[in-house]
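What follows is a set of notes on a single structure, which appears directly below.
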Amino acid sequence: MMDERLKRLKHSLDETALGRLRFSEEKMETVINHIRKQEGERDIDVLLVVFQLLVYKKNGHHLTQQLRVRGITRFDGEEGRLYLLLHKLENQSYLSSSWESDVKYYRLTSKGQRLLKNYETTPGTKKTLFQPLLESVIHV
-15 MMDERLKRLK
-5 HSLDETALGR
5 LRFSEEKMET
15 VINHIRKQEG
25 ERDIDVLLVV
35 FQLLVYKKNG
45 HHLTQQLRVR
55 GITRFDGEEG
65 RLYLLLHKLE
75 NQSYLSSSWE
85 SDVKYYRLTS
95 KGQRLLKNYE
105 TTPGTKKTLF
115 QPLLESVIHV
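When we follow this note's numbering, the leftmost residue of the sequence shown carries the number -15, and every step to the right adds one.
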(Lines of atoms letter the chains of each structure in order from A and count residues from 1; the text may use other names and numbers.)
(Lines give C-alpha, C1' and ligand atoms only; values in the text may rest on other atoms or scores of the structure.)
Protein backbone atom coordinates (compact mmCIF):
# COMPACT_ATOMS: atom_id res chain seq x y z
CA MET A 1 0.00 0.00 0.00
CA MET A 2 2.67 2.50 1.07
CA ASP A 3 4.99 1.41 -1.74
CA GLU A 4 2.26 2.11 -4.28
CA ARG A 5 1.68 5.62 -2.92
CA LEU A 6 5.40 6.35 -2.98
CA LYS A 7 5.65 5.11 -6.56
CA ARG A 8 2.77 7.37 -7.60
CA LEU A 9 4.37 10.32 -5.83
CA LYS A 10 7.70 9.66 -7.55
CA HIS A 11 5.95 9.35 -10.90
CA SER A 12 4.07 12.62 -10.44
CA LEU A 13 7.28 14.40 -9.42
CA ASP A 14 9.03 13.01 -12.48
CA GLU A 15 6.30 14.55 -14.62
CA THR A 16 6.90 18.07 -13.26
CA ALA A 17 9.79 20.43 -13.90
CA LEU A 18 11.53 18.93 -10.89
CA GLY A 19 11.77 15.63 -12.71
CA ARG A 20 13.73 17.25 -15.52
CA LEU A 21 16.06 19.14 -13.22
CA ARG A 22 19.62 17.83 -13.34
CA PHE A 23 22.63 18.66 -11.20
CA SER A 24 26.26 17.97 -11.92
CA GLU A 25 27.87 15.36 -9.70
CA GLU A 26 30.03 18.08 -8.12
CA LYS A 27 27.02 20.30 -7.33
CA MET A 28 25.10 17.38 -5.84
CA GLU A 29 28.04 16.49 -3.62
CA THR A 30 28.40 20.12 -2.50
CA VAL A 31 24.73 20.32 -1.56
CA ILE A 32 24.80 16.98 0.26
CA ASN A 33 27.91 17.98 2.22
CA HIS A 34 26.34 21.30 3.16
CA ILE A 35 23.17 19.58 4.38
CA ARG A 36 25.20 17.11 6.42
CA LYS A 37 27.21 19.95 7.99
CA GLN A 38 24.09 21.81 9.01
CA GLU A 39 22.17 18.77 10.20
CA GLY A 40 21.34 19.17 13.84
CA GLU A 41 23.17 22.47 14.11
CA ARG A 42 20.50 25.00 14.85
CA ASP A 43 21.88 28.50 15.28
CA ILE A 44 20.63 28.84 18.83
CA ASP A 45 22.31 25.56 19.83
CA VAL A 46 25.60 26.64 18.27
CA LEU A 47 25.50 29.91 20.19
CA LEU A 48 24.75 28.09 23.44
CA VAL A 49 27.67 25.70 22.93
CA VAL A 50 30.03 28.61 22.22
CA PHE A 51 28.94 30.22 25.49
CA GLN A 52 29.42 26.96 27.39
CA LEU A 53 32.88 26.41 25.94
CA LEU A 54 34.04 29.95 26.67
CA VAL A 55 33.44 29.76 30.41
CA TYR A 56 37.20 29.15 30.40
CA LYS A 57 39.50 31.04 28.05
CA LYS A 58 40.25 29.44 24.72
CA ASN A 59 41.87 30.53 21.51
CA GLY A 60 39.99 30.23 18.24
CA HIS A 61 41.81 27.07 17.17
CA HIS A 62 41.03 25.26 20.41
CA LEU A 63 37.42 26.48 20.28
CA THR A 64 37.06 25.10 16.74
CA GLN A 65 38.38 21.73 17.92
CA GLN A 66 35.99 21.68 20.88
CA LEU A 67 33.04 22.57 18.64
CA ARG A 68 33.98 19.70 16.34
CA VAL A 69 34.15 17.32 19.33
CA ARG A 70 30.57 18.34 20.13
CA GLY A 71 29.52 17.59 16.56
CA ILE A 72 29.37 21.17 15.30
CA THR A 73 31.13 21.30 11.96
CA ARG A 74 29.60 24.42 10.40
CA PHE A 75 32.87 26.32 10.84
CA ASP A 76 35.09 23.62 9.29
CA GLY A 77 36.80 25.20 6.33
CA GLU A 78 35.08 28.48 7.18
CA GLU A 79 36.87 29.47 10.38
CA GLY A 80 36.52 33.14 9.45
CA ARG A 81 32.81 32.84 10.23
CA LEU A 82 33.67 31.72 13.77
CA TYR A 83 36.02 34.67 14.27
CA LEU A 84 33.33 37.02 12.99
CA LEU A 85 30.89 35.56 15.53
CA LEU A 86 33.45 35.95 18.33
CA HIS A 87 34.10 39.55 17.29
CA LYS A 88 30.38 40.36 17.33
CA LEU A 89 29.97 38.78 20.78
CA GLU A 90 32.96 40.74 22.01
CA ASN A 91 31.51 44.00 20.63
CA GLN A 92 28.32 43.33 22.58
CA SER A 93 30.33 42.68 25.76
CA TYR A 94 29.45 38.99 26.07
CA LEU A 95 33.10 38.04 25.52
CA SER A 96 36.44 39.57 26.32
CA SER A 97 39.69 38.79 24.61
CA SER A 98 43.35 39.02 25.49
CA TRP A 99 46.60 38.43 23.66
CA GLU A 100 49.17 36.05 25.09
CA SER A 101 52.31 35.17 23.13
CA ASP A 102 50.77 36.31 19.83
CA VAL A 103 47.66 34.18 20.41
CA LYS A 104 44.25 35.73 21.02
CA TYR A 105 42.15 34.13 23.75
CA TYR A 106 38.42 34.56 24.32
CA ARG A 107 36.35 34.17 27.46
CA LEU A 108 32.85 35.00 28.66
CA THR A 109 32.48 38.29 30.49
CA SER A 110 30.28 38.60 33.55
CA LYS A 111 27.46 39.64 31.19
CA GLY A 112 27.94 36.45 29.17
CA GLN A 113 28.17 34.34 32.33
CA ARG A 114 24.90 35.83 33.64
CA LEU A 115 23.12 34.96 30.40
CA LEU A 116 24.45 31.40 30.50
CA LYS A 117 23.57 31.01 34.19
CA ASN A 118 20.02 32.28 33.57
CA TYR A 119 19.66 29.68 30.84
CA GLU A 120 21.01 26.87 33.02
CA THR A 121 18.86 27.71 36.05
CA THR A 122 15.60 28.39 34.22
CA PRO A 123 14.42 25.38 32.19
CA GLY A 124 12.86 26.06 28.81
CA THR A 125 14.25 29.57 28.40
CA LYS A 126 16.83 28.98 25.70
CA LYS A 127 14.81 30.59 22.97
CA THR A 128 13.65 33.63 24.95
CA LEU A 129 17.08 34.31 26.45
CA PHE A 130 19.19 33.79 23.35
CA GLN A 131 16.81 34.86 20.56
CA PRO A 132 17.55 38.63 20.71
CA LEU A 133 21.29 37.94 20.76
CA LEU A 134 20.91 35.35 18.04
CA GLU A 135 19.26 37.80 15.67
CA SER A 136 22.13 40.25 16.03
CA VAL A 137 25.15 37.95 15.82
CA ILE A 138 24.61 34.51 14.38
CA HIS A 139 24.08 35.34 10.72
CA VAL A 140 27.76 35.21 9.89
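Ideal Cβ positions, reconstructed from N, Cα and C, are used throughout, including at glycine.
At which residues does the alpha helix (DSSP H) containing residue i begin and terminate?
i     : result
Tyr67 : Glu63 to Asn75
Val53 : Gly44 to Val53
To the nearest angstrom, how far is the alpha carbon of residue i from that of residue j?
i      : j      : result
Leu31  : Leu118 : 7 Å
Leu38  : Glu13  : 34 Å
Arg91  : Gly64  : 18 Å
Asp86  : Thr105 : 37 Å
Arg98  : Gly61  : 32 Å
Phe7   : Val15  : 10 Å
Ser120 : Phe59  : 18 Å
Lys72  : Lys11  : 32 Å
Just checking my contact of residue i with residue j at CB under 8 Å: how many whole Å lie between their CB atoms?
i      : j     : result
Arg103 : Lys41 : Note that residue 103 is Tyr in the sequence shown here, rather than Arg. Not really, about 20 Å apart at Cβ, beyond 8 Å.
Can you tell me which of the three DSSP states residue i falls into?
i      : result
Ser8   : coil
Tyr78  : coil
Tyr103 : helix
Arg98  : helix
Val39  : coil
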